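With full-length UniProt numbering, the residue at position 40 of the sequence shown is 40, and numbering never jumps. Here the structure is laid out as structure tokens; the discussion comes afterwards.
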Amino acid sequence: MGNPRFAIARRELGSLRKEKTIVLALAIQLFVAAFSSFLVVGLVSLYDPGAASYQVDVAVTGDEEAVEDLLRAVGTEDGLSGRPYASSSDALTAFHGREVDAVLEASTGEDGRIRVAAVAPDSGVETTAVVVRLRDALRELERNERAERSASLATDPLSLPPATESSPYFGFTYTVLVPLLLFLPVFISGSLVVDSLAEEVARGTLELLRVAPVSFAAVVDGKLLAAGGLAPVQAIAWMLLLELNGTAIESVPWLFGMVAGLSAVVVTLGAAVAITSPDRRVAQLLYSIGVLLVFAGTSLLPLNPANTAARLALGTAGVGAKAAVAGLVFVGVVALVGLRFLVDRVDPNELG
Numbered sequence: 001m002g003n004p005r006f007a008i009a010r011r012e013l014g015s016l017r018k019e020k021t022i023v024l025a026l027a028i029q030l031f032v033a034a035f036s037s038f039l040v041v042g043l044v045s046l047y048d049p050g051a052a053s054y055q056v057d058v059a060v061t062g063d064e065e066a067v068e069d070l071l072r073a074v075g076t077e078d079g080l081s082g083r084p085y086a087s088s089s090d091a092l093t094a095f096h097g098r099e100v101d102a103v104l105e106a107s108t109g110e111d112g113r114i115r116v117a118a119v120a121p122d123s124g125v126e127t128t129a130v131v132v133r134l135r136d137a138l139r140e141l142e143r144n145e146r147a148e149r150s151a152s153l154a155t156d157p158l159s160l161p162p163a164t165e166s167s168p169y170f171g172f173t174y175t176v177l178v179p180l181l182l183f184l185p186v187f188i189s190g191s192l193v194v195d196s197l198a199e200e201v202a203r204g205t206l207e208l209l210r211v212a213p214v215s216f217a218a219v220v221d222g223k224l225l226a227a228g229g230l231a232p233v234q235a236i237a238w239m240l241l242l243e244l245n246g247t248a249i250e251s252v253p254w255l256f257g258m259v260a261g262l263s264a265v266v267v268t269l270g271a272a273v274a275i276t277s278p279d280r281r282v283a284q285l286l287y288s289i290g291v292l293l294v295f296a297g298t299s300l301l302p303l304n305p306a307n308t309a310a311r312l313a314l315g316t317a318g319v320g321a322k323a324a325v326a327g328l329v330f331v332g333v334v335a336l337v338g339l340r341f342l343v344d345r346v347d348p349n350e351l352g
């Protein structure tokens with residue numbers, strides 16, 4: 001067994017390192033939460049570039065009648081303003097001189113159709129915002145033309161539903177932010193289980209634990225409970241913080257059950273990897289690949305975890321979403337039982 005004092009010292013160092021790892025994981029999440037307002041604005045700009053408050057000036061040139069229709073469509077879009085130019089050369093000169101951000105050249109063909117050629121920056125941060133603004137203006141032009149020429153149709157077209165305006169922050173919050181806050185603690189918990197078990201074997205402190213009147217299965221269960229039990233509690237804490245920030249979160253008990261079931265699956269995967277492959281680097285690599293495969297596979301399902309979490313948080317979850325949560329909890333229980341069979345068949349003396 002070696003020197004008891006040396007073993008105790010190694011045990012204390014291992015515990016201190018795990019505590020530092022947990023504190024660091026929590027500190028990173030708190031750091032992210034402290035700058036949540038800035039992150040939301042930045043991430044929403046990536047999620048929906050049209051939501052960014054970026055003013056785009058467009059030079060409009062071409063046939064007079066087509067230019068009028070295009071200017072009218074451009075004027076209906078927020079953050080977009082059009083300037084008429086007499087010729088395409090003047091418009092391009094203004095574009096290259098940075099007087100305008102883009103150029104739209106409209107022409108009317110012999111069949112009466114309006115054709116628009118767009119010139120936009122080919123590089124730079126503003127490119128995406130410019131292209132999105134131009135896309136919205138051209139869609140508005142298409143809608144206007146369809147409405148004006150509907151009288152020439154042989155049959156009456158179906159009436160369109162009324163346009164609705166929604167904030168991009170609403171969609172981002174429930175489809176991106178809520179799943180991120182729910183699943184991030186799960187990923188960290190699984191990684192902590194891998195590190196904890198792998199370090200016990202690598203540092204030899206597992207031998208010291210076996211001196212105590214506890215079995216190897218009890219040691220694994222304790223690590224699973226410490227890491228896996230923290231994930232659903234922390235996820236629900238995030239949801240309560242969103243509530244305090246004015247974001248309504250529905251079905252909190254179902255969200256807790258979903259995170260608990262997913263946490264059981266992930267920490268079980270981490271423990272199984274750490275037991276079968278005690279080398280820390282290899283175990284972390286296998287764990288990361290396994291988690292990616294699990295989420296990549298479930299993302300193909302109609303009721304994938306992100307979709308289910310968004311529906312539950314919105315309060316629009318039907319029977320299918322709740323059945324998916326119940327199924328996930330069942331899979332988590334099966335995974336825990338399977339891990340127990342694996343642990344019972346592993347000889348701790350052969351680890352390492």
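By construction, the Cβ of each residue, glycine as well, lies at the ideal position given by its N, Cα and C atoms. None of these values were measured; they are calculated from a predicted model.
According to DSSP, simplified to helix, strand and coil, what is residue i?
i, result
"ILE188", "helix"
"LEU80", "strand"
"LEU104", "strand"
"GLY62", "strand"
"ARG11", "With a pLDDT of 46 at ARG11, under the threshold of 50, the modelled position of this residue cannot be trusted; read the value that follows with caution. DSSP places ARG11 in helix when its eight states are reduced to three."
"LEU180", "helix"
"ALA119", "It should be noted that the sequence gives Val, not Ala, for residue 119. In this structure, VAL119 counts as strand in the three-state DSSP scheme."
"ILE114", "strand"
"VAL346", "coil"
"ASP57", "strand"
"ILE289", "helix"
"PRO302", "coil"
"THR175", "helix"
"VAL331", "helix"
"ARG135", "helix"
"LEU240", "helix"
"residue 354", "Nothing can be reported for residue 354: it is not among the residues displayed for the chain, which extend from 1 to 352."
"GLU99", "coil"
"GLY109", "coil"
"PRO253", "helix"
"ASN307", "helix"
"GLY270", "helix"
"LEU158", "coil"
Got a sec? Which residues, its chain only, sit under 7 Å from residue i by beta carbon, not counting five neighbours each side?
i, result
"ALA9", "No answer about ALA9 holds up, because its pLDDT of 46 lies below 50 and its placement is not dependable."
"VAL273", "VAL194, ALA283, LEU286, TYR287, GLY290"
"ARG345", "none"
"ALA73", "ALA137, GLU140, LEU141, ASN144"
Quick check on the burial criterion: 16 or more other C-beta atoms within 10 angstroms. Buried or exposed for residue i?
i, result
"GLY109", "exposed"
"VAL343", "buried"
"SER299", "exposed"
"ALA323", "exposed"
"GLY228", "buried"
"ALA218", "exposed"
"THR173", "buried"
"SER152", "exposed"
"VAL337", "exposed"
"LEU158", "exposed"
"PHE170", "exposed"
"GLU199", "buried"
"GLU77", "buried"
"residue 380", "Because the chain here runs from 1 to 352, residue 380 falls outside it and cannot be looked at."
Return yes when the Cβ of residue j is within less than 8 Å of the Cβ of residue i, no when it is not.
i, j, result
"LEU197", "ILE275", "yes"
"ALA310", "VAL132", "no"
"GLY82", "LEU71", "yes"
"LEU328", "MET239", "no"
"PRO302", "LEU262", "no"
"GLY79", "GLN55", "yes"
"LEU141", "ASP90", "no"
"LEU134", "ALA118", "yes"
"PRO185", "LEU230", "yes"
"ILE249", "ALA313", "yes"
I believe residue i touches residue j by the beta-carbon criterion, under 8 Å. Please report the beta-carbon distance rounded to the nearest angstrom.
i, j, result
"GLY190", "LEU293", "Between LEU293 and GLY190 the Cβ distance is about 13 Å, and since that is not below 8 Å, they are no contact."
"VAL60", "ALA106", "7 Å"
"VAL251", "GLY315", "First, the amino acid is wrong: residue 251 is Ser here, not Val. About 6 Å separates the two Cβ atoms, so the contact holds."
"VAL201", "TRP254", "The Cβ separation is near 38 Å, so there is no contact."
State yes or no: is the beta carbon of residue i nearer than 8 Å to at least one beta carbon in chain D?
i, result
"VAL131", "Although the question refers to chain D, the structure presented lacks it and comprises just one protein chain."
Note down, in chain order, each residue of its chain lying with its Cβ closer than 6 Å to the Cβ of residue i, except the 5 sequence neighbours on either side.
i, result
"ALA260", "PRO232"
"ALA120", "ALA102, VAL130, VAL131"
"LEU182", "ALA235, VAL259, ALA309"
"ASP279", "none"
"GLU243", "ILE249"
"ALA94", "ALA59, VAL100"
"THR175", "ALA310"
"PHE256", "PRO232, ILE236"
Give me, in chain order, the residues of the same chain whose beta-carbon lies closer than 8 Å to that of residue i; leave out the 5 immediate sequence neighbours on both sides.
i, result
"VAL265", "VAL294, LEU328, VAL331, GLY332, ALA335"
"VAL67", "VAL60, THR61, PRO84, ALA106"
"HIS96", "none"
"SER88", "THR61, GLY62, VAL103, GLU105"
"LYS223", "VAL193, SER196, LEU197, ALA271"
"VAL220", "LEU197, ALA271, ILE275, LEU339, VAL343"
Tell me whether residue i counts as near the ligand NAD, meaning its Cβ is closer than 7 Å to at least one heavy atom of that ligand.
i, result
"ALA227", "Among the components of this structure there are no ligands whatsoever, and the ligand NAD is therefore not found."
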